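Everything below concerns the one structure shown next.
Numbering (the numbering used here), first residue to last: 15 to 137.
This is the structure we're talking about:
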């Protein structure tokens with residue numbers, strides 16, 4: 015029985031990305047480089063443009079963030095808070111997003127979460 019995934023609050027999830035970008039914004043703000051921006055996508059772009067994160071990291075975070083947001087939106091439409099690997103809802107989300115099955119979706123989420131945790135740890 016596989017463990018349910020919390021794409022919003024779990025390790026390497028949406029909140030981890032948002033907090034990381036807020037942390038970088040605070041560092042940039044202290045140096046007088048950029049004003050604080052609430053919108054995550056705008057903050058990511060500003061941090062990239064001012065050199066606080068590389069283009070490669072910004073691109074990767076953007077890709078993962080947008081993917082996780084799509085998954086989260088589909089979860090909410092199904093009134094689910096957690097992704098359960100063996101559930102019909104997860105299978106449906108996987109198909110909608112172009113995966114052959116839920117396993118492919120779960121693997122992609124796992125890769126994204128690991129990348130986020132690595133980026134944050136490397137800071």
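Even for Gly, the Cβ is constructed at its ideal location relative to N, Cα and C.
All of these numbers come straight from a predicted model, not from anything done at the bench.
With 16 other CB atoms within 10 Å as the buried threshold, where does residue i fall?
i           : result
residue 135 : exposed
residue 80  : exposed
residue 69  : exposed
residue 37  : exposed
With DSSP as the reference, please indicate the residues paired to residue i in a beta bridge.
i          : result
residue 97 : 19
I'd like the span of the alpha helix (DSSP H) that includes residue i, first residue to last.
i           : result
residue 89  : 69-91
residue 112 : Note, residue 112: premise wrong, no alpha helix (DSSP H); not H, not E.
residue 59  : 54-63
residue 43  : 28-44
Which one of the options has the shortest CA to CA distance from residue i?
i           : options              : result
residue 120 : 131, 133, 96 and 132 : 96
residue 7   : 41, 43 and 57        : Outside the modelled stretch of the chain, which goes from 15 to 137, sits residue 7, for which no answer is possible.
residue 61  : 46, 39 and 74        : 39
My understanding is that residue i touches residue j, with C-beta atoms under 8 Å, so please give their C-beta distance in whole angstroms.
i          : j          : result
residue 27 : residue 90 : Incorrect: roughly 14 Å between the Cβ atoms, too far for contact.
residue 64 : residue 41 : The pair is not a contact, with the Cβ atoms about 11 Å apart (cut-off 8 Å).
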